[in-house]
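*Asks:* The following block contains the structure, expressed as structure tokens.
Number of protein chains: 2
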Amino acid sequence: MCRLCGNSSKKNDCGKESRRHDRDTPPLRQWAIKWKSSEKEFQSVSALTKTSMPVEVRLACRSGEWAMQTSGLAPGFAQANLVILPREDAAEFRQFCERNPKPCPLLEVTEPGCHSLNRLATDADLRTDLPMYRVWRKGELAAEVSDITEFWRDDLVSFLIGCSFTFEAALIENQIPVRHIELGCNVPMFQTNVPCQPAGKFHGPLVVSMRPLKPAHAIRAVQITSQFPDVHGAPIHIGLPHDIGIFDLQKPDFGDAVRIATDELPVFWACGVTPQAALMAAKPDFAITHSPGCMFVSDVKDSSLRQPN
Amino acid sequence: MCRLCGNSSKKNDCGKESRRHDRDTPPLRQWAIKWKSSEKEFQSVSALTKTSMPVEVRLACRSGEWAMQTSGLAPGFAQANLVILPREDAAEFRQFCERNPKPCPLLEVTEPGCHSLNRLATDADLRTDLPMYRVWRKGELAAEVSDITEFWRDDLVSFLIGCSFTFEAALIENQIPVRHIELGCNVPMFQTNVPCQPAGKFHGPLVVSMRPLKPAHAIRAVQITSQFPDVHGAPIHIGLPHDIGIFDLQKPDFGDAVRIATDELPVFWACGVTPQAALMAAKPDFAITHSPGCMFVSDVKDSSLRQPN
Chain D
3 MCRLCGNSSK KNDCGKESRR HDRDTPPLRQ WAIKWKSSEK EFQSVSALTK
53 TSMPVEVRLA CRSGEWAMQT SGLAPGFAQA NLVILPREDA AEFRQFCERN
103 PKPCPLLEVT EPGCHSLNRL ATDADLRTDL PMYRVWRKGE LAAEVSDITE
153 FWRDDLVSFL IGCSFTFEAA LIENQIPVRH IELGCNVPMF QTNVPCQPAG
203 KFHGPLVVSM RPLKPAHAIR AVQITSQFPD VHGAPIHIGL PHDIGIFDLQ
253 KPDFGDAVRI ATDELPVFWA CGVTPQAALM AAKPDFAITH SPGCMFVSDV
303 KDSSLRQPN
Chain Z
3 MCRLCGNSSK KNDCGKESRR HDRDTPPLRQ WAIKWKSSEK EFQSVSALTK
53 TSMPVEVRLA CRSGEWAMQT SGLAPGFAQA NLVILPREDA AEFRQFCERN
103 PKPCPLLEVT EPGCHSLNRL ATDADLRTDL PMYRVWRKGE LAAEVSDITE
153 FWRDDLVSFL IGCSFTFEAA LIENQIPVRH IELGCNVPMF QTNVPCQPAG
203 KFHGPLVVSM RPLKPAHAIR AVQITSQFPD VHGAPIHIGL PHDIGIFDLQ
253 KPDFGDAVRI ATDELPVFWA CGVTPQAALM AAKPDFAITH SPGCMFVSDV
303 KDSSLRQPN
């Protein structure tokens with residue numbers, strides 16, 4: 003199974019062939035998108051509705067009723083990536099995030115052993131409130147479970163990292179079309195030749211997501227996403243992919259390829275896959291992450307993450 | 003003489019050959035830039051220094067002591083374009099500016115007959131306080147003078163329009179190099195195929211200025227100039243000049259061509275030549291403008307024009 007995108011495949015890792023994997027075996031995200039177009043089908047698998055509040059989503063996860071992707075759930079509320087590490091690795095990972103705030107914007111970090119939150123929700127239990135988790139030992143996937151209570155330890159530190167769903171919602175609200183959402187597929191993601199600032203064992207290249215936009219939309223998108231530094235903020239590059247080591251936009255390293263029209267520029271944002279890739283490269287003895295697309299649904303409104311420049 | 007850029011030439015208008023004109027006959031701006039590199043030479047022609055306050059510049063203009071370009075004078079203070087029209091044309095011109103705020107950002111508009119200001123300075127006399135003026139009759143240049151007192155009428159309305167000097171200063175302050183300033187030449191300007199919103203007799207294409215920037219600088223430049231809506235604000239286009247009717251970046255319609263490196267994108271801002279071009283196309287019976295580069299130097303700080311997004 004691909005460790006990053008969750009595709010079943012003979013290959014163990016997402017690589018240049020990830021597009022083919024995506025086509026052969028639709029990733030979880032596509033599955034989750036399907037119910038968005040069919041309220042009936044959606045209701046047949048869960049009591050959640052498209053207007054469910056974040057707490058309802060978390061309780062549905064806690065009860066085991068909801069164990070799939072969270073894209074589109076609790077619209078208007080921010081979702082977050084999760085990385086859990088033992089205290090011995092947590093300090094270095096925190097430093098890695100702080101040195102690379104564009105790909106790794108920290109929304110909240112817990113005290114060791116604490117599985118509740120302060121900023122993102124007050125009633126959450128990080129051991130149960132995500133739909134699905136991945137447990138890693140020495141960089142290898144050891145288990146995929148919907149509840150990590152049995153794995154919990156008093157030295158575990160949880161990192162909640164901003165997610166692009168928030169700024170994509172803001173783009174759409176401003177009439178800027180987002181291609182992969184229109185197509186109902188995953189955003190195309192690319193490894194760049196831009197190294198992250200390393201911190202101890204954590205290192206690796208910046209991974210970016212790409213959205214094709216008309217120039218006037220690209221300018222507006224810079225303005226809009228600049229206001230959301232906690233969810234990757236402004237793009238890191240625009241228009242000249244060769245300069246950051248991307249040579250074929252139709253062959254993303256992760257996610258799905260999307261068409262770029264002749265009147266569009268590719269616009270690149272720092273991506274939350276960066277910290278996951280750094281984590282896997284570091285191969286810590288023990289780690290837990292969310293499963294791809296199975297994010298933590300917070301009580302923080304997307305709009306409250308908007309900061310005046 | 004070219005009506006827009008002030009170059010002496012057999013041609014009557016700036017056109018595709020303006021670059022050659024610039025080379026043959028250095029425009030006033032280049033003259034003004036020269037003194038910047040030679041304090042001695044500068045002091046030989048005026049008591050003004052590079053740190054003179056705006057009021058000192060205006061008084062030097064009023065006394066006739068300063069009658070050339072204002073680029074680089076009173077650094078940190080905003081300068082403005084000037085258009086003066088009889089009341090009968092002023093309403094339509096105001097509407098033209100209001101319908102096209104990116105190329106024509108109105109900083110202040112006077113009452114008919116009033117030659118003083120409120121916002122930009124409290125002690126200014128618009129009849130004397132610019133270095134050089136142009137007087138137009140039916141769209142033709144009728145006189146170029148350093149004092150318009152003899153032309154003043156009780157029905158004249160003055161329009162002070164924002165100037166890109168302010169945002170260029172902000173770019174440089176943020177370590178973003180501005181090519182034409184480095185080269186000591188005029189910014190390259192292009193007519194686009196984007197029509198302005200017409201208002202009565204005033205109409206015409208949007209004119210843009212172009213600055214080549216590396217992608218990361220272009221993104222930062224969008225963020226910075228977005229904060230200055232009163233001086234043209236964010237770029238209107240980036241990267242695909244064909245889409246706005248520009249087919250040869252080495253042949254600007256006005257100003258000087260500048261080199262674009264392979265790792266740079268052309269970034270386009272709405273330009274203050276737009277209202278001047280609309281004015282000349284409309285050919286009103288009577289009008290007065292500043293001479294090219296001979297701006298009104300205001301008491302308003304560049305920083306005070308910065309607006310949070």
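Protein chains in written order, with our numbering: chain D, 3 to 311; chain Z, 3 to 311. All C-beta atoms, glycine included, are put in the ideal place defined by N, C-alpha and C. What you are looking at is a predicted structure, and each value in this text was computed from that prediction instead of being measured.
(1) Take residue 86 of chain D as the anchor and find which of D:165, D:161, D:211 has the nearest alpha-carbon.
(2) Output the distance between the C-alpha atoms of residue 63 of chain D and residue 251 of chain D, rounded to the nearest integer angstrom.
(3) Kindly list, in the order they appear in chain D, the residues whose Cβ is closer than 9 Å to that of residue 166 of chain Z.
(4) Below 8 Å, can you find three or more Cβ-Cβ pairs linking the stretch 166 to 177 of chain D to the stretch 103 to 122 of chain D?
(5) Please compile the residues from chain Z whose C-beta is within a distance smaller than 8 Å of the C-beta of residue 209 of chain D.
(6) In terms of residue numbering, what span does the beta strand (DSSP E) encompassing residue 61 of chain D cover?
(7) Examine chain D for any beta-carbon lying closer than 8 Å to the beta-carbon of residue 262 of chain Z, and answer yes or no.
(8) Helix, strand or coil for residue 194 of chain Z per DSSP?
(9) According to a CB-to-CB cut-off of less than 9 Å, which residues of the stretch 202 to 229 of chain D neighbour chain Z?
(10) Are residue 201 of chain Z and residue 97 of chain Z closer than 8 Å when you measure CB to CB?
(11) Opposite residue 139 of chain D in the DSSP bridges: which residues?
(12) Mind listing the chain Z neighbours of residue 242 of chain D? Cutoff is C-beta to C-beta under 8 Å, in chain order.
(13) Is residue 239 of chain Z close to chain D? Criterion is C-beta to C-beta, closer than 8 Å.
(14) Note down the Cα distance separating residue 234 of chain D from residue 307 of chain D, rounded to an integer number of angstroms.
(15) What in chain D is Cβ-close to residue 236 of chain Z, meaning under 9 Å?
(16) Identify, in the order they occur along the chain, each residue of the same chain with its Cβ nearer than 8 Å to the Cβ of residue 53 of chain Z, setting aside the five sequence neighbours on each side.
(17) Please classify residue 73 of chain D as buried or exposed, where buried requires at least 16 other C-beta atoms within 10 Å of its C-beta.
(18) Does any residue of chain D bring its CB to less than 8 Å from the CB of residue 13 of chain Z?
(19) Throw me the rounded Cβ distance for the residue 102 of chain D and residue 227 of chain D pair, which I believe falls under 8 Å.
(20) Note down, in chain order, every chain D residue with its Cβ under 8 Å from the Cβ of residue 232 of chain Z.
(21) Take residue 166 of chain Z and list the residues in its own chain whose beta-carbon comes closer than 8 Å to its own, dropping the five residues that flank it on each side.
(22) With residue 174 of chain Z as the anchor, note down where its alpha helix (DSSP H) starts and where it stops.
(23) State the Cα-Cα distance for the pair residue 267 of chain D and residue 300 of chain D, rounded to the nearest angstrom.
(24) Below 8 Å, can you find three or more Cβ-Cβ pairs linking the stretch 181 to 195 of chain Z to the stretch 130 to 142 of chain Z?
(25) Looking at residue 81 of chain Z: is its Cβ nearer than 8 Å to the Cβ of residue 297 of chain Z?
(26) Taking the alpha-carbon of residue 263 of chain Z as reference, which of Z:219, Z:243, Z:215 has the nearest alpha-carbon?
(27) Would residue 304 of chain D pass as an interface residue toward chain Z - the criterion being a Cβ-Cβ separation below 8 Å?
(28) So, is the C-beta of residue 245 of chain Z closer than 8 Å to a C-beta in chain B?
*Replies:* In this structure, then:
(1) Counting from 1 along the first sequence, the entry for residue 86 of chain D is found at position 84. Of the listed residues, the one whose Cα sits closest to residue 86 of chain D is D:161.
(2) Taking the first sequence and counting its residues from 1, one reaches residue 63 of chain D at position 61. Taking the first sequence and counting its residues from 1, one reaches residue 251 of chain D at position 249. Here the alpha carbon of residue 63 of chain D sits roughly 36 Å from the alpha carbon of residue 251 of chain D.
(3) Indexing the second sequence from 1 puts residue 166 of chain Z at position 164. Going along chain D, no residue has its Cβ under 9 Å from residue 166 of chain Z, so there is no contact; the nearest lies around 16 Å.
(4) Contact between the stretch 166 to 177 of chain D and the stretch 103 to 122 of chain D is absent, because fewer than three Cβ pairs lie under 8 Å.
(5) Translated into positions along the first sequence, residue 209 of chain D becomes position 207. Within chain Z, no residue has its CB atom less than 8 Å from the CB of residue 209 of chain D, the nearest being about 17 Å off.
(6) As a first step, residue 61 of chain D must be located in the first sequence, where it is residue number 59. First-last for residue 61 of chain D: 56 to 64, but that is the alpha helix (DSSP H), not the beta strand (DSSP E).
(7) On the second sequence, position 260 is the one that residue 262 of chain Z refers to. Answer no: the Cβ-Cβ gap between residue 262 of chain Z and chain D never drops below 8 Å.
(8) Indexing the second sequence from 1 puts residue 194 of chain Z at position 192. Assignment of residue 194 of chain Z by DSSP, reduced to helix, strand and coil, places it in the strand class.
(9) When C-beta distances to chain Z are compared with 9 Å, the residues of the stretch 202 to 229 of chain D below that value are 216, 217, 218, 220, 221, 222, 224, 225, 228, 229, in chain order.
(10) As a working note, residue 201 of chain Z is residue 199 in the second sequence. As a working note, residue 97 of chain Z is residue 95 in the second sequence. Their beta carbons are under 8 Å apart, which means residue 201 of chain Z touches residue 97 of chain Z by this criterion.
(11) Within the first sequence, numbered from 1, the residue matching residue 139 of chain D stands at position 137. Beta-bridge partners assigned by DSSP to residue 139 of chain D: D:142, D:288.
(12) Within the first sequence, the letter at position 240 stands for residue 242 of chain D. Those within 8 Å of residue 242 of chain D in chain Z are 217, 265, 267.
(13) Indexing the second sequence from 1 puts residue 239 of chain Z at position 237. With 8 Å as the cut-off, residue 239 of chain Z counts as an interface residue toward chain D.
(14) Against the first sequence, residue 234 of chain D aligns to sequence position 232. Against the first sequence, residue 307 of chain D aligns to sequence position 305. Cα to Cα, the separation comes out at about 11 Å.
(15) In the second sequence, residue 236 of chain Z corresponds to position 234, counting from 1. Result: 221, 222, 224, 225.
(16) In the second sequence, the residue the question calls residue 53 of chain Z occupies position 51. 77.
(17) Counting from one through the first sequence, the residue named residue 73 of chain D turns up at place 71. Here residue 73 of chain D is buried. Its C-beta has 16 or more other C-beta atoms within 10 Å.
(18) Counting from 1 along the second sequence, the entry for residue 13 of chain Z is found at position 11. Because residue 13 of chain Z sits at a pLDDT of 34, beneath the cut-off of 50, its placement in the model cannot be relied upon, and the point is left open.
(19) Residue numbering aside, residue 102 of chain D sits at position 100 when the first sequence is read from its first letter. Residue numbering aside, residue 227 of chain D sits at position 225 when the first sequence is read from its first letter. Between residue 102 of chain D and residue 227 of chain D, the beta carbon gap of about 17 Å keeps them out of contact (Cβ cut-off 8 Å).
(20) As a working mapping, residue 232 of chain Z is identified with position 230 in the second sequence. Neighbours of residue 232 of chain Z across chain D, judged by C-beta separation under 8 Å, do not exist; the nearest C-beta is about 16 Å away.
(21) Here residue 166 of chain Z refers to the residue found at position 164 when the second sequence is read from its first residue. If the five residues before and after residue 166 of chain Z are omitted, its C-beta is found closer than 8 Å to the C-beta atoms of 189, 211, 233, 234, 271, 273, 274, all from its own chain and listed in chain order.
(22) Locating residue 174 of chain Z in the second sequence gives position 172, where the first residue counts as 1. Under the DSSP assignment, residue 174 of chain Z falls in the alpha helix (DSSP H) whose first and last residues are 167 to 175.
(23) Start at 1 with the first residue of the first sequence, and residue 267 of chain D comes out as number 265. Start at 1 with the first residue of the first sequence, and residue 300 of chain D comes out as number 298. Per the coordinates, the alpha-carbon of residue 267 of chain D lies some 33 Å from the alpha-carbon of residue 300 of chain D.
(24) No, they do not touch.
(25) For this step, residue 81 of chain Z is matched to residue 79 along the second sequence. For this step, residue 297 of chain Z is matched to residue 295 along the second sequence. In contact: residue 81 of chain Z and residue 297 of chain Z (Cβ atoms closer than 8 Å).
(26) As a working note, residue 263 of chain Z is residue 261 in the second sequence. The residue with the shortest Cα to Cα distance from residue 263 of chain Z is Z:215.
(27) What you label residue 304 of chain D is simply residue 302 of the first sequence in a count that begins at 1. Closer than 8 Å: no.
(28) The structure shown has no chain B; the protein chains it does contain are D and Z.
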